[in-house]
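Read the structure below first, then the notes.
Residue numbers (UniProt numbering): 1 to 68.
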């Protein structure tokens, strides 16, 4: 069995699953920031949303780069 074939097959299944998992975690974080932020941290939403959005964009860009 060719090691290159094994690696390409592994990556063929790994990257889509990794991408879906990361996107679902980021969507959960958006929900958690919106619905579950305690009153003491309400002003921190202005930091949480942009950082979570940048992570989400980063995941999408990296997954698109892997689909090439």
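We put the CB at the ideal spot given by N, CA and C, even for glycine.
Local conformation of residue i per DSSP, three classes
{"i": "residue 55", "result": "helix"}
{"i": "residue 2", "result": "coil"}
{"i": "residue 38", "result": "coil"}
Within 8 Å, strictly: CB atoms of residue i and residue j
{"i": "residue 55", "j": "residue 30", "result": "no"}
{"i": "residue 15", "j": "residue 66", "result": "yes"}
Beta-carbon separation (whole angstroms), residue i vs residue j, contact threshold 8 Å
{"i": "residue 19", "j": "residue 59", "result": "7 Å"}
{"i": "residue 49", "j": "residue 33", "result": "6 Å"}
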